[in-house]
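Enquirer:
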Amino acid sequence: MKIYKLKTEAKADKMRMLKMMKSLKRLVLLSFLMPQMLGAQNPKDSDEQKCKANTNVAETSAQRIPLSKIEAGILSLKDIQDRPLVNSISPDFRKALASLFDRDPKTISKLEQFYGLLFYLGKYKNLNETFIRIKRDPVRHLLLTAQVFSTPELPNHISEIGLVWSDHFERGTYEVKFDKKEIRLPLNGGKGFGSFREGLCQIAEALVFYENFQFNVERTRSGHVYVSDFKNVDLFGKFGSRGIVNVDLNYVSVLSVEFLSGSNMGTVRAKVAKREFDVNDHNWLLRMVTKFVTDKSTQPIDW
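Below is the structure:
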């Protein structure tokens, strides 16, 4: 009877501990979110207007590029065995390219052109292998011809490109290797993009690419270019909240981006990056909470 009683008491203690842990998680999450919600209720109008005025104007814009130049660049792409990635430009492929490059530049971003181009390369390629390694130099040339980057900085550091295409999901998985351990790509001509949220002017200043950059690219049912499962890339800038508790952050990991057709806007899902805790000193509470919290925002997005 004693043994049974001890087992029963131990089981009850375990249940009480689990309930306490669940309550603590809810309390910790609430303590993190409350300052954000309270800080967002009554922003200073002047601060918000100043934030928008300084960071919402695009310094760069997409370009309308002659399709003949884009098509020539695509036809020059070859795998490492010197086989053409695309044999010819079909009418459907040409129509898809026109949707990216033969349109009003104000209705699309360079970033959407870049990821859209990579999606259609996977969809309309002629090589049937599941995994393809593409020669570096023709890719660099195509990206510069398409002007999907404002400067040649990032294309010039590409060392390898790999593509896995899924016909079933109509999804491309790209692996891009660089010749440097870290590359910083300033956003919006170095000015950054920002929005006033949680009582603070949040500014994304640069993208930080690490050696082995990976992502998935596909199209949603509504026809939007959707990029997800980012690996080895962070957003650098000024992020956080102002309220009962002030939080200052510099590094955010992008989880996904959905580009909104007809604009330079995108819906971004992100969370605090691991590098934030490697570089900056934060208490254990913030480290614990950010494992469970993701952020979603719609804002101008380009490079």
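Per our numbering, the sequence shown starts with residue 1, numbered consecutively. Positions of the beta carbon are idealized from the N, C-alpha and C atoms, including for glycine. Predicted, not measured: the structure shown is a model, and the values here were computed from it.
Do F236 and E205 have their C-beta atoms within less than 7 angstroms of each other?
Expert: Yes.
Enquirer: Quick test of your reading: D234 and K110, contact by CB under 8 angstroms. State the CB separation rounded to the nearest angstrom.
Expert: The pair is not a contact, with the Cβ atoms about 20 angstroms apart (cut-off 8 angstroms).
Enquirer: If you count every other CB in all the chains shown that lies within 10 Å of the CB of E182, and 16 or more means buried, which is it?
Expert: Label assigned to E182: exposed.
Enquirer: Could you check whether L77 and L85 sit closer than 7 angstroms to each other, using their CB atoms as the reference points?
Expert: Cβ atoms of L85 and L77: closer than 7 angstroms.
Enquirer: Taking the alpha-carbon of V268 as reference, which of D295, S99, S159 and D92 has the nearest alpha-carbon?
Expert: Looking at the Cα atoms, D295 is the closest of the given residues.
Enquirer: What does DSSP give as the partner residue(s) for I158 in the beta ladder?
Expert: Note: I158 sits in a beta bridge opposite F178.
Enquirer: Buried or exposed for I161, please, with buried defined as at least 16 other CB atoms from any protein chain shown within 10 angstroms of its CB.
Expert: Classification of I161: buried, given that the 10 Å Cβ count is 16 or more.
Enquirer: At which residues does the beta strand (DSSP E) containing D234 begin and terminate?
Expert: Residues V225 to S241.
Enquirer: Quick one: Cα of F101 to Cα of K191, how far?
Expert: F101 and K191: Cα-Cα distance of roughly 25 angstroms.
Enquirer: How should V225 be labelled, buried or exposed, when 16 other C-beta atoms within 10 angstroms of its C-beta is the threshold for buried?
Expert: Looking at its Cβ environment, which holds 16 or more other Cβ atoms inside 10 Å, V225 is buried.
Enquirer: Kindly identify the DSSP beta-bridge partner or partners of M265.
Expert: DSSP, once it has assigned bridges, lists P300 as partnering M265.
Enquirer: How big is the Cα-Cα spacing for S195 and S88?
Expert: Approximately 43 angstroms, taken between the alpha carbons.
Enquirer: So what's R221 in DSSP terms, helix, strand or just coil?
Expert: Three-state result, R221: coil.
Enquirer: May I have the straight-line CA-CA distance separating L285 from D229, to the nearest angstrom?
Expert: Roughly 26 angstroms between the two C-alpha positions.
Enquirer: Report yes or no: do three or more beta-carbon pairs, one from the segment 113–131 and one from the segment 272–286, lie closer than 8 angstroms?
Expert: They do not touch, by the three-pair rule.
Enquirer: Pick helix, strand or coil for T107, following the three-state DSSP scheme.
Expert: Looking at T107 - three-state DSSP - the assignment turns out to be helix.
Enquirer: What is the DSSP secondary structure of L77, reduced to helix, strand or coil?
Expert: Coil.
Enquirer: Rounded to whole angstroms, what is the Cα-Cα separation between K135 and F209?
Expert: If you take the alpha carbons of K135 and F209, they lie about 20 angstroms apart.
Enquirer: Helix, strand or coil, according to DSSP, for L97 in the structure here?
Expert: DSSP places L97 in helix when its eight states are reduced to three.
Enquirer: Output yes or no for whether 7 angstroms exceeds the beta carbon distance between G243 and G172.
Expert: Taking 7 angstroms as the Cβ cut-off, G243 and G172 do not qualify as a contacting pair.
Enquirer: Suppose the cutoff is 6 angstroms on Cβ atoms and the five residues either side in sequence are ignored; what does the same chain contact list for K180 look like?
Expert: The residues are H157.
Enquirer: What would DSSP say about N280, mapped onto helix, strand or coil?
Expert: N280: coil per DSSP, three-state reduction.
Enquirer: According to DSSP, which residues form a beta bridge with N212?
Expert: Answer is K177.
Enquirer: Counting only beta-carbon separations shorter than 7 angstroms, does G240 have a partner in chain C?
Expert: In the structure shown, chain C does not exist; there is a single protein chain.
Enquirer: Using DSSP with H/G/I as helix, E/B as strand and the rest coil, what is Q202?
Expert: Residue state, collapsed to three classes: strand.
Enquirer: Just to confirm my understanding: we take T298, look at its own chain, exclude 5 residues before and 5 after, and list those with CB closer than 8 angstroms. What are they?
Expert: So the list reads L260, M265, G266, T267 and V268, once near-sequence residues are dropped.
Enquirer: Does the beta-carbon of P300 have 16 or more other beta-carbons within 10 angstroms, so that it is buried, or is it exposed?
Expert: The residue in question, P300, is buried, as its Cβ has 16 or more Cβ neighbours within 10 Å.
Enquirer: Under the assumption that F119 contacts E218 (Cβ atoms under 8 angstroms), give the Cβ distance between them as a whole number of angstroms.
Expert: Contact holds; Cβ gap of about 7 angstroms.
Enquirer: If you draw a straight line from the C-alpha of S241 to the C-alpha of A72, how long is it?
Expert: Each residue's Cα considered, the two are about 48 angstroms apart.
Enquirer: In three-state DSSP terms, what is R26?
Expert: Confidence in R26 is poor, its pLDDT being 45 and thus under 50, which makes the residue's placement too unreliable to answer from.
Enquirer: Quick check: does the Cβ of A72 come within less than 6 angstroms of any heavy atom belonging to the ligand SAM?
Expert: Absence of the ligand SAM from the depicted structure is noted, as is the absence of any ligand whatsoever, leaving it without description.
Enquirer: With DSSP run on the structure shown, which of helix, strand or coil describes L163?
Expert: Residue state, collapsed to three classes: strand.
Enquirer: L187 to K274, Cα distance in whole Å?
Expert: Looking at the two C-alpha atoms, the distance is approximately 21 angstroms.
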